[in-house]
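S.K.: For the sequence shown, our numbering assigns the number 432 to the initial residue and increments by one for each residue that follows.
Glycine included, each C-beta is placed from N, C-alpha and C at the ideal position.
If you scroll down you'll find the structure; I have some questions about it.
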Amino acid sequence: MAKKIQVTGIIPAMITPFTRTGEVDFKGIRENVDFLIESGVSEVMCLGSTGEAATLSREECVKVIEATVEAADGRVPVMAGTGATSTREVVERTREAKSAGVSSVMIVTPFYEIPTQEGLYRHYATIAEAVDIPIVLYNIPPHTHVEIEPETLARLAEIDNVVALKDSSGNLSYFAEVMRLAGDKISVLTGGDDITLPCFALGCHGAILALANIAPRMVVDLYQAAQQQDMTRAQRLFHQLLPIARAISSPQNFPAPVKEAMMLLGRPAGPARSPIIPLSAPEKEAIRKALQIAGLI
C-alpha cells in the first residue's frame, strides 16, 4: 500500500437491525444505509460494538457485510469490524471482509485474553502483513479492559496499512496524547458520543459514533461547524445532542438505548440480542425526552 488513505468525517457505527424473532433484518440494513448516506455521512461502518458483532455468528457477520456493501452501492466507503480474540481468527475475518468488498476494516483490541503491549503490537502487525487492506485500530478499554498505550500506537502508526485509530476510551488526556504522537501519521477518530466537540476542538479527523445512527445530519452539521471554527453553532448542536449521547453512552446494556431511540424515530432496529435486555419504562422515557431536546420528535 503506497500511501495511507485518510479516514475523515462522520462515520456511523451502525446497529444491526433484528426482526422480532431475533434474525438479522436485511431489509432494515438497506433502509438504514440509505438514510445515513442521504444524511451526509462520510462512510458507513458495520459490525462494531453498536452492531452487536460479538453476538453474531461468523456466517451472519459475512452476510451483514455483504448486505451493507450492496446497500452502499459505491456511494460511500464501507468499513467492517473484524475483531476477535485470536490473531488467526482476525486474519480470517479480515480476509472475508475484503472479499465482500469493504474499503477498510476496524479491529478492536483482543478481549478476554489480555496481551502485553508487545503482544498487541505483534497482533496488529501480523494482521497488517497478512491482509493488504486499510486497518483502523479500535481502542475501547471500558469494554475490553485492554488499552493501546500511546507509545504502542506510535509504533503501529508506522505500519503502512494502519491508517486510523478509533478511540472510545472516553479519556480526553489519552486522546490528546495520541493526537500529539500520531495525529500527523494516521487519522485519529473519536468514538465518544458525549465528548465529540472537545475532540473536534483538539483537531481530530472525525468520529465513528453510535449517536450518528440516531441524528446523523445533526452530527454531520456539528463536525462541519467545528471544522469551520463556528464554535457558537457547534456548541449549540453539541448541547442539543448531549442528552442523547449521555443516555446511550454507558457500556452496560449497550446498545439497547441506541435501538430504543431508533425505534422511537420509526427506523429499523428491533431488539438487541440476549443477554442485552429491553429498557425499563423510566429508561425509555429518558430516551424520549432526550430526543425531544434535540428536536427529533
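Hey, out of Leu-640, Asn-592, Lys-616, whose CA is closest to Asp-598's CA?
M.R.: Position 167 of the sequence shown holds residue 598. Nearest C-alpha to Asp-598: Leu-640.
S.K.: I want to know whether the stretch 458-472 touches the stretch 704-718 - three or more CB-CB distances under 8 Å.
M.R.: The stretch 458-472 vs the stretch 704-718: no contact.
S.K.: Starting from the N-terminal side, write out each stretch of the beta strand (DSSP E) that is 3 residues or longer and does not extend beyond the stretch 502-541.
M.R.: Qualifying beta strand (DSSP E) stretches, in chain order: 509-512, 535-539.
S.K.: Taking its Cβ as the centre, do 16 or more other Cβ atoms sit within 10 Å of Glu-544, making it buried, or is it exposed?
M.R.: Indexing the sequence shown from 1 puts residue 544 at position 113. Exposed: under 16 other Cβ atoms inside 10 Å.
S.K.: Could you tell me which residues DSSP pairs with Val-455 in its beta bridges?
M.R.: To locate residue 455, count along the sequence shown from 1; it is residue 24. BP columns for Val-455 point to Phe-449.
S.K.: Would you be able to state if there are at least three C-beta pairs under 8 Å between the stretch 627-645 and the stretch 654-666?
M.R.: These segments touch.
S.K.: Leu-695 and Ile-724: beta carbons closer than 8 Å?
M.R.: For the purposes of this step, residue 695 is taken as residue 264 along the sequence shown, with counting starting at 1. For the purposes of this step, residue 724 is taken as residue 293 along the sequence shown, with counting starting at 1. No, Cβ-Cβ distance for Leu-695 and Ile-724 is not below 8 Å.
S.K.: For the beta strand (DSSP E) that Pro-443 lies in, which residues bound it at each end?
M.R.: Start at 1 with the first residue of the sequence shown, and residue 443 comes out as number 12. Its beta strand (DSSP E) spans residues 440-443.
S.K.: Taking all protein chains shown into account, decide if Ile-728 is buried (16 or more other Cβ within 10 angstroms of its Cβ) or exposed.
M.R.: Counting from 1 along the sequence shown, the entry for residue 728 is found at position 297. Counting Cβ neighbours within 10 Å, Ile-728 comes out exposed, since fewer than 16 surround it.
S.K.: Are there 16 or more other CB atoms within 10 angstroms of the CB of Pro-682, so buried, or fewer, so exposed?
M.R.: For this step, residue 682 is matched to residue 251 along the sequence shown. Exposed: under 16 other Cβ atoms inside 10 Å.
S.K.: Given this structure, state the Cα-to-Cα distance separating Asn-570 from Gly-697, to the nearest angstrom.
M.R.: Locating residue 570 in the sequence shown gives position 139, counting from the first residue. Locating residue 697 in the sequence shown gives position 266, counting from the first residue. Going from the Cα of Asn-570 to the Cα of Gly-697 covers about 31 Å.
S.K.: Return yes when the Cβ of Val-562 is within less than 8 Å of the Cβ of Val-593, no when it is not.
M.R.: For the purposes of this step, residue 593 is taken as residue 162 along the sequence shown, with counting starting at 1. For the purposes of this step, residue 562 is taken as residue 131 along the sequence shown, with counting starting at 1. It is not a contact, given that the beta carbons lie outside the stated cut-off.
S.K.: Say the cut is 7 Å; is the CB of Leu-673 nearer than that to a heavy atom of the ligand FAD?
M.R.: The ligand content of the structure shown is nil, which means the ligand FAD is not present either.
S.K.: CB Met-510 to CB Ile-566, shorter than 8 Å?
M.R.: What you label residue 510 is simply residue 79 of the sequence shown in a count that begins at 1. What you label residue 566 is simply residue 135 of the sequence shown in a count that begins at 1. For Met-510 and Ile-566, no; Cβs fall outside 8 Å.
S.K.: Does the structure place the stretch 540-554 close enough to the stretch 476-483 that three or more beta carbon pairs sit under 8 Å?
M.R.: Judged by Cβ distances under 8 Å, the stretch 476-483 makes no contact with the stretch 540-554, as fewer than three pairs qualify.
S.K.: With respect to the beta strand (DSSP E) encompassing Ala-588, which residues constitute its N-terminal and C-terminal limits?
M.R.: As a first step, residue 588 must be located in the sequence shown, where it is residue number 157. Segment: none, Ala-588 is in no beta strand (DSSP E) and carries neither H nor E.
S.K.: Kindly identify the DSSP beta-bridge partner or partners of Leu-568.
M.R.: To locate residue 568, count along the sequence shown from 1; it is residue 137. Ile-538, Leu-596, per the DSSP bridge assignment.
S.K.: Under the three-state reduction of DSSP, which class applies to Ile-558: helix, strand or coil?
M.R.: As a first step, residue 558 must be located in the sequence shown, where it is residue number 127. Helix, per DSSP.
S.K.: Going by beta-carbon coordinates alone, are Pro-601 and Pro-647 separated by less than 8 Å?
M.R.: Here residue 601 corresponds to residue number 170 of the sequence shown, with the count starting at 1. Here residue 647 corresponds to residue number 216 of the sequence shown, with the count starting at 1. Before going on, a small fix: residue 601 reads as Gly here, not Pro. Result no, Cβ atoms of Gly-601 and Pro-647 do not sit closer than 8 Å.
S.K.: Could you have a look at Gly-381 and say whether DSSP puts it in helix, strand or coil?
M.R.: The displayed coordinates of the chain run from 432 to 728. Any statement about residue 381 would go beyond what the structure contains.
S.K.: Which residue comes first and which comes last in the beta strand (DSSP E) that contains Thr-621?
M.R.: Stepping through the sequence shown from its first residue, residue 621 is reached at position 190. Its beta strand (DSSP E) spans residues 618-621.
S.K.: Kindly indicate which residue of Ile-679, Glu-497, Gly-726, Asp-652 has the alpha-carbon position closest to the one of Ser-473.
M.R.: Mapped onto the sequence shown, residue 473 falls at position 42. Here the closest residue by C-alpha is Asp-652.
S.K.: My guess is that Ile-468 and Val-507 are in contact by the Cβ rule of under 8 Å, so how many angstroms apart are they, rounded?
M.R.: Along the sequence shown, read from residue 1 onward, the residue named residue 468 stands at position 37. Along the sequence shown, read from residue 1 onward, the residue named residue 507 stands at position 76. Indeed, because the Cβ distance is near 6 Å, the residues count as touching under 8 Å.
S.K.: Residues in the same chain with beta-carbon distance under 6 Å from Glu-608, minus the five sequence neighbours each way, listed in chain order, please.
M.R.: Within the sequence shown, numbered from 1, the residue matching residue 608 stands at position 177. Closer than 6 Å at the Cβ level, and outside the excluded window around Glu-608, lie Pro-581.
S.K.: State the Cα-Cα distance for the pair Gln-671 and Met-476, rounded to the nearest angstrom.
M.R.: Numbered from its first residue, the sequence shown carries residue 671 at position 240. Numbered from its first residue, the sequence shown carries residue 476 at position 45. Their backbone Cα atoms lie some 24 Å apart in a straight line.
S.K.: Work out the CA separation of Thr-447 and Thr-513 for me, nearest whole Å.
M.R.: Your numbering for residue 513 matches position 82 in the sequence shown. Your numbering for residue 447 matches position 16 in the sequence shown. So the two alpha carbons sit approximately 15 Å from each other.
S.K.: Using DSSP with H/G/I as helix, E/B as strand and the rest coil, what is Ala-485?
M.R.: By one-based count along the sequence shown, residue 485 stands at place 54. Correct three-state label for Ala-485: helix.
S.K.: Pull up the CB-CB distance for Ala-613 and Ala-588, whole angstroms please, since I reckon it's below 8 Å.
M.R.: Here residue 613 refers to the residue found at position 182 when the sequence shown is read from its first residue. Here residue 588 refers to the residue found at position 157 when the sequence shown is read from its first residue. Contact holds; Cβ gap of about 4 Å.
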